[in-house]
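Going by the working numbering, the letters in the sequence shown line up with residues 617 to 855, in that order. Following: one structure in structure tokens, then a few remarks.
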Amino acid sequence: MSGEKRGSFGSLGRAEPLHLKVAALILREIEGGQFKPGDRLPTEHDLATAFDVSRNVIREAIACLRADGVIDSRQGLGAFVLPPEDRQSIRIDATALRDTSNVRGLFELRSILEIQSAGMAALRRTDSQLRDIAEALESMSGAEKWSAAGIDADLAFHHRVAMATGNDYIVTFLRFIAQTMRETILEARQANGLQTVVEVTIAEHRPIYDAIARQDEAGAKDAMRHHIAGAAGRLGIEL
């Protein structure tokens, strides 16, 4: 294996969740040949410094790339770029999910995926992962909750619950449908009124966190089921 290399990473915008932006920029470096198969990526510390973000953001970005089969993380050694022929990832037809007639299908997928994920997260989460989930919930409840940053925090909450399952495939599915989830949140805000949707949504997320915190598998699943049914209901969809 070649040694760790440093990329000439581009500037980091703030138009989308930071971990997705970081993942996209690292992928661009890989696809551009800055990092070749077998190369080790810079350390979390160096990447965090390069992008001027927290190490938690870097961990989430690396998890996304690992879930997409772009890199392989090796305990104690770091993250290494995989050859294209070794990359395996799950793909969903994005255009189908953007079709409004399939919104019900999106919520059915979320029900299958996220209810079970919440239960798994309750059993498997680490203290660090619980703090990450709490951080997202706090951001949802903070001063920025009325802005697009509140939606970012909402999506980050679900992403971090998925991360706490320890299952990269779950993370891959959830990351892929994140943009569609964003669109449904915006639509719900427009249809039901911003303040109502924000306050109800926060109230639905808190029991999910509480159940995961006390490692209550059944409680976490019930709370997530209630939230997804509520989110669908705000768009006139009954699950």
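Just so it is clear, CB atoms sit at the ideal spot from N, CA and C, and this is done for glycine as well. Treat the numbers as computed from the prediction; the structure is a model and nothing was measured.
query: Would you tell me roughly how many angstroms separate the C-alpha atoms of L698 and A780, rounded to the nearest one?; result: 24 Å
query: If you follow the beta strand (DSSP E) that F696 is in, where does it begin and where does it stop?; result: G694 to V697
query: From the beta carbon of I642, is the nearest beta carbon of chain D less than 8 Å away?; result: Chain labels in this structure do not include chain D; a single protein chain is all it has.
query: Pull up the distance between the alpha-carbon of D743 and that of F651, whole angstroms please.; result: 33 Å
query: Which value, in whole angstroms, describes the spacing of the CA atoms of A823 and S755?; result: The sequence shown places Pro at residue 823, not Ala. So the two alpha carbons sit approximately 16 Å from each other.
query: Could you please give me the residues that DSSP links to S727 through a beta bridge?; result: In DSSP, S727 forms no bridge with anything.
query: Once you ignore the five residues that flank N735 on each side, which residues in its own chain have a CB closer than 6 Å to its CB?; result: Sequence inspection shows Gly at residue 735; the Asn mentioned does not correspond to that position. Same-chain partners within the cutoff: E833, A836 and K837.
query: Is it buried or exposed, M840, if we count other Cβ atoms within 10 angstroms and call 16 or more buried?; result: buried
query: Please identify the residue among L771, L641, I687 and I844 whose C-alpha is closest to the C-alpha of L753.; result: L771
query: Does the Cβ of Y825 have 16 or more other Cβ atoms within 10 Å, making it buried, or fewer, making it exposed?; result: buried
query: Can you tell me whether R682 is buried or exposed? The criterion is at least 16 other CB atoms within 10 Å of its CB, across all chains shown.; result: buried
query: Candidates N672, D684, T665 and A827: which alpha carbon is nearest L643's?; result: D684
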